[in-house]
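Q: If you're matching them up, the sequences are chains A and B in order.
If you read the first sequence in this note's numbering, its first letter stands for residue 263, the second for the next number, and so on.
If you read the second sequence in this note's numbering, its first letter stands for residue 2, the second for the next number, and so on.
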Amino acid sequence: AQTVTQSQPEMSVQEAETVTLSCTYDTSENNYYLFWYKQPPSRQMILVIRQEAYKQQNATENRFSVNFQKAAKSFSLKISDSQLGDTAMYFCAFMKHSGGSEKLVFGKGTKLTVNP
Amino acid sequence: NAGVTQTPKFQVLKTGQSMTLQCAQDMNHEYMSWYRQDPGMGLRLIHYSVGAGITDQGEVPNGYNVSRSTTEDFPLRLLSAAPSQTSVYFCASSSTSGTGPYNEQFFGPGTRLTVL
């Protein structure tokens, strides 16, 4: 079974600064996907960024980027130029490539607070 | 498109009562799933379905029943509610017939359930 570990229950950052959230995972699969989801106080789950394991290039989406280290099974999220709207819970998630069974395994989350 | 809708948004039950959480999607997605979110636990998969008439158990299925009679609807039934089922419940859906290797999961807004 796959497991996802987020070792930082809470983090804070000053507005406009950069913060990195950590995520490690354990799997014997070779083909899989990794995701970061954002959950603001509204409770809605929002996909921030995804990474295919077969791609060596790290994914980026505007101010969000990942550092994917497949051998180390590490998948950290970097948020640049932090904004107050980035305040939220962030969940790292794993999905194996199973062709139609899109089961997600989530970490326990990191609560990020952006301070003005 | 309304996306993924869930009703009700909030519910309070007494121990032993039964109820059904409703989930519907209008995107013609084959895959639908239910997760529960507890403080400090992330999201955990309860049940999932890869198409009408097909359901399977996830990580934490005990105490819950599901059925999938149509592509659009995937209700979650609590037959005899227990305080341990106090949680926030999310429904999600995705297409499994896309041209890419991965199909994004879309989440509903969640149902907060309290069992007294």
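Here a beta-carbon is modelled for each residue, glycine too, at the ideal position from N, C-alpha and C.
#1: Strictly under 8 Å for the Cβ-Cβ distance: is residue 116/B near chain A by that measure?
#2: Can you list the residues of chain B that residue 370/A reaches, using a CB-CB cut of under 9 Å?
#3: Counting only Cβ pairs nearer than 8 Å, list the residues of chain B close to residue 365/A.
#4: Against chain A, does residue 105/B count as a neighbour if the rule is that its beta carbon must be under 8 Å from one of theirs?
#5: Are residue 95/B and residue 75/B closer than 8 Å when you measure CB to CB?
#6: Per DSSP, residue 422/A is paired with what?
#7: Per DSSP, what kind of secondary structure is residue 347/A in: helix, strand or coil?
#8: Given a limit of 9 Å on CB to CB distance, which residues of the segment 86-100 of chain B reach chain A?
#9: Rounded to the nearest angstrom, what separates residue 93/B and residue 356/A at their Cα positions?
#10: Does the contact criterion of 3 or more C-beta pairs under 8 Å hold for the segment 298-316 of chain A versus the segment 338-357 of chain A?
#11: Taking all protein chains shown into account, decide if residue 5/B is buried (16 or more other Cβ within 10 angstroms of its Cβ) or exposed.
#12: Residue 309/A versus chain B: which residues are under 7 Å apart at the beta carbon?
#13: Give me, in chain order, the residues of the same chain whose beta-carbon lies closer than 7 Å to that of residue 376/A; leave out the 5 immediate sequence neighbours on both sides.
#14: Grouping DSSP H, G and I as helix and E and B as strand, with all else coil, what is residue 327/A?
#15: Go to residue 304/A, then tell me how far its beta strand (DSSP E) extends in each direction, as first and last residue.
A: Reading off the structure:
#1: Contact of residue 116/B with chain A is not assigned, every C-beta pair being separated by 8 Å or more.
#2: 41, 42, 43
#3: 34, 46, 49, 59
#4: yes
#5: no
#6: The question about residue 422/A has no answer here: the residues shown for chain A are numbered 263 through 378.
#7: helix
#8: Going along the segment 86-100 of chain B in chain order, one finds 89, 91, 93, 95, 97, 98 with a Cβ nearer than 9 Å to chain A.
#9: Here the alpha carbon of residue 93/B sits roughly 15 Å from the alpha carbon of residue 356/A.
#10: yes
#11: buried
#12: For a Cβ distance threshold of 7 Å, residue set 105 of chain B lies close to residue 309/A, ordered along the chain.
#13: 275, 277, 344, 345, 346, 348, 349
#14: strand
#15: Per DSSP, residue 304/A belongs to no beta strand (DSSP E) and is neither H nor E.
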